[in-house]
Amino acid sequence: MKTRIIMLLLVGVMGSNAFAQKNNDMKTFDPAFAHTVYFWFKNPDDVEGRTRFETSLKKFLRDSKFAKTNFVGIPPKSIRDVVDDSFTYSLIVTFDSAESQEGYQEEEAHLLFIEECKDLWERVVVYDSYGLK
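In structure tokens:
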């Protein structure tokens, strides 16, 4: 019985160390400036279009000189009236300043993403915000 308890404790400690290491490797969300983008596709069920969008978006975010952290999502289907689940993709990108976000708008990686994917969407809505201090 003692051996079993010791083994469980060791597994728990090792697991928590692995979790802590993984969290330490993650980028920290930068609350200075958030750029939130919603995309509505012309044909949201087009698998090839979605693959092209995701591939181009990942390349763009990897190559951006200005974006600090990012989140790409798809809408969950909701039964709550206050939840808008009509979009195809959402993107949240953080920057250390509004000036960095302006640089991102004109950088080659961003412009290439737009060129590669603009035919896929029928509507794009952007919300920019500063973090509270």
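Take the position in the sequence shown, starting the count at 1, then add 23; the result is the number in our numbering. Heads up, the beta-carbon is just placed ideally off N, CA and C, and yes, glycines get one too.
The beta carbons of GLU129 and SER79 sit no closer together than 7 Å. Spanning the alpha carbons of VAL70 and LYS156 requires a straight line of approximately 42 Å. Listed in chain order, the non-local C-beta contacts of HIS133 below 8 Å within the same chain comprise PHE83, SER87, TYR127, local neighbours out to five positions each way being set aside.
With a cut-off of 8 Å on Cβ pairs, the region 146–154 is not in contact with the region 88–102, counting fewer than three such pairs. Residue environment analysis places PHE52 among the exposed positions, since fewer than 16 neighbouring C-beta atoms fall within 10 angstroms of its C-beta. Fully enclosed alpha helix (DSSP H) runs of no fewer than 4 residues occupy 121–129 of the region 71–133, in order along the chain.
Ranked by Cα distance from PHE89, the first of ALA57, PHE118, THR59, SER152 is PHE118. In this structure, the beta-carbon distance from THR59 to ILE115 falls below 7 Å.
With contacts defined as CB atoms closer than 7 Å, PHE76 and LEU143 qualify as a contacting pair. Taking every protein chain shown into account, the CB of THR111 has 16 or more other CB atoms within 10 angstroms, so this residue is buried. Secondary structure note for PHE56: its beta strand (DSSP E) is the uninterrupted segment 56–64.
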